[in-house]
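Colleague: Starting off with a structure, shown below.
In this note's numbering, the protein residues as written are 8 to 150.
Here is the structure:
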């Protein structure tokens, strides 16, 4: 149920994000979701891609500082308040959310929320026990 997220450390310089996307594109890697957290001097680009192993390799070869992190992708009904129930499940289980980001899919008319949590296996179990659908890597990478 875990999926691989690619994290790239980027200096806050013009063109760095463009370079990442160019390297990925030239190597047939398609971005499924992304998030950027930044400070004055640097940013962390987090990516869900169709081929995380290739993405990691080609970004490393291009000189980027790259990391792979396990995350979970949760299907959330695309309705007002749809995110509240899974968040309450994690709160009730005392599982801390480090960060999350979301994207919509046309095929399922649902939001997919990517969670990075401290206890990933426990979080997946708690959510599944409450009827929340957790997507596996193949489902997410092939969206």
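Every residue, glycine too, gets a C-beta built ideally from N, C-alpha and C.
As the structure is a computational prediction, the values presented were derived from the model and not from experiment.
If residue 66 sits next to residue 53, beta carbons under 8 Å apart, how far is it from one beta carbon to the other, in whole angstroms?
Modeller: Between residue 53 and residue 66 the Cβ distance is about 13 Å, and since that is not below 8 Å, they are no contact.
Colleague: Judging by CA-CA distance, which residue of 36, 85 and 94 is the nearest neighbour of residue 133?
Modeller: Of 36, 85 and 94, the residue nearest in Cα terms is 94.
Colleague: I'd like the list of long-range same chain contacts for residue 130, defined as Cβ closer than 8 Å, with 5 residues on each side in sequence excluded.
Modeller: The answer, listed in chain order, is 79, 97, 100, 102, 122 and 124.
Colleague: Sort 85, 35 and 60 by Cα distance to residue 109 and report the nearest one.
Modeller: Cα-wise, what sits closest to residue 109 is 85.
Colleague: Can you list, in chain order, the residues of its chain with a C-beta nearer than 7 Å to that of residue 37? Leave out the 5 residues immediately preceding and following it.
Modeller: Correct list, in chain order: 56 and 57.
Colleague: Is residue 75 buried or exposed, if buried means 16 or more other CB atoms sit within 10 Å of its CB?
Modeller: Residue 75 is exposed by the Cβ-count criterion.
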